[in-house]
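Worksheet: one structure, shown below.
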Amino acid sequence: MNKLSAYNSFFTEVINTINSARYQAFKSLNKFHIGQNFEIGRIIVENQDKNKWGQSIVDTLSKDINKQIDGVKGYSSQNLWRMRQFYLEYKNEPDLLDMAMKIPWGQNMLIIQQLKDNKERKYYLQATDQLGWSRAVLLNQIKANAYQHQLRNKKKSFK
């Protein structure tokens, strides 16, 4: 092996190691982020129930979070409502929650907002994780009824 070929192999190995570590770090951080959002949703639901608070508490909470933590993003009233919805949708669905922890928040919200059937949600959660679908690709797959097509193809292939 000549020196250039050896260097190229060495360089590729280093780049692959860096990319692999970055990907693992992203997945780990994403899992904590999704878990945090689930927990915030739980806290909101439980405190609204316990204290008989209405909808305005979420607006107040958003304003107070943003005052308390300078430069923080992701805690708008709208996003806090999404966290609440995320908790309510998955609190009794541990398998779906585990799958949801593996994909980004935006894709999770798209699945929750577009789909009500848990079997469909499971399909799109798994596909998004395994195939790395972006939000745009996921939306296109939902609009194209990929889940229904997959069901029909399964029935055809098992005679």
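Add 3 to a position in the sequence shown, counting from 1, and you land on the number used in the working numbering. Ideal placement from N, C-alpha and C gives every residue a C-beta, glycine not left out.
> Is residue 73 helix, strand or coil when you go by DSSP?
Replying inline: Taking the sequence shown and counting its residues from 1, one reaches residue 73 at position 70. Residue 73: coil per DSSP, three-state reduction.
>> Once the 5 residues before and after residue 91 are set aside, which same chain residues still bring their CB inside 8 Å of it?
In response: The residue you call residue 91 lines up with position 88 of the sequence shown. If we look at residue 91 and ignore the five residues flanking it on each side, its Cβ neighbours are 44, 48.
> According to the neighbour-count rule (16 or more other Cβ atoms, all chains shown, within 10 Å of its Cβ), is residue 26 buried or exposed?
Replying inline: One-based indexing of the sequence shown puts residue 26 at position 23. Label assigned to residue 26: exposed.
>> Between the alpha carbons of residue 111 and residue 36, how many angstroms are there, rounded?
In response: Taking the sequence shown and counting its residues from 1, the one referred to as residue 111 is at position 108. Taking the sequence shown and counting its residues from 1, the one referred to as residue 36 is at position 33. Taking the straight line from one Cα to the other gives about 12 Å.
> Taking Cβ positions, are residue 115 and residue 132 nearer each other than 8 Å?
Replying inline: Sequence index remark: in the sequence shown, residue 115 carries index 112 (1-based). Sequence index remark: in the sequence shown, residue 132 carries index 129 (1-based). No, the pair does not count as a contact, with Cβ atoms beyond the cut-off.
> In or out: residue 134 buried (at least 16 other Cβ within 10 Å) or exposed?
Replying inline: As a first step, residue 134 is located in the sequence shown; it is residue number 131 there, counting from the start. So residue 134 counts as exposed.
>> When you compare the stretch 10-27 with the stretch 49-66, are there three or more beta-carbon pairs, one atom per stretch, that lie closer than 8 Å?
In response: no
>> Within the continuous alpha helix (DSSP H) that includes residue 120, where are the two ends?
In response: The count along the sequence shown starts at 1 and reaches residue 120 at position 117. Premise fails: residue 120 is in no alpha helix (DSSP H) and is neither H nor E.
>> What ranges does the alpha helix (DSSP H) occupy inside the stretch 82-155, keeping only unbroken runs of at least 4 residues that lie completely in it?
In response: 97-103, 108-117, 121-134, 138-146
> Which first and last residues belong to the alpha helix (DSSP H) in which residue 34 is found?
Replying inline: If you number the sequence shown from 1, residue 34 lands on position 31. Here the alpha helix (DSSP H) through residue 34 covers 6-54.
> Roughly how many angstroms lie between the CA atoms of residue 68 and residue 9, to the nearest whole one?
Replying inline: Translated into the one-based positions of the sequence shown, residue 68 becomes position 65. Translated into the one-based positions of the sequence shown, residue 9 becomes position 6. Using only the alpha carbons, I get a separation of about 53 Å.
> How would you call residue 85, buried or exposed, if buried means at least 16 neighbouring beta carbons within 10 angstroms?
Replying inline: Taking the sequence shown and counting its residues from 1, one reaches residue 85 at position 82. It is buried - the Cβ of residue 85 has at least 16 other Cβ atoms within 10 Å.
>> Whole angstroms are fine: how far does the CA of residue 128 sit from the CA of residue 109?
In response: In the sequence shown, counting from the first residue as 1, residue 109 sits at position 106. In the sequence shown, counting from the first residue as 1, residue 128 sits at position 125. Near 12 Å, if we compare the C-alpha coordinates of residue 128 and residue 109.
>> Using a 10 Å radius around the Cβ and a threshold of 16 neighbouring Cβ atoms, would you call residue 153 buried or exposed?
In response: The residue labelled residue 153 in the question sits at position 150 within the sequence shown. So residue 153 ends up on the exposed side.
> So what's residue 79 in DSSP terms, helix, strand or just coil?
Replying inline: In the sequence shown, counting from the first residue as 1, residue 79 sits at position 76. Three-state DSSP puts residue 79 in coil, outside helix and strand.
> Within this structure, are the beta carbons of residue 1 and residue 93 separated by less than 8 Å?
Replying inline: Residue 1 lies beyond the range of the chain shown here (4 to 162); nothing can be said about it.
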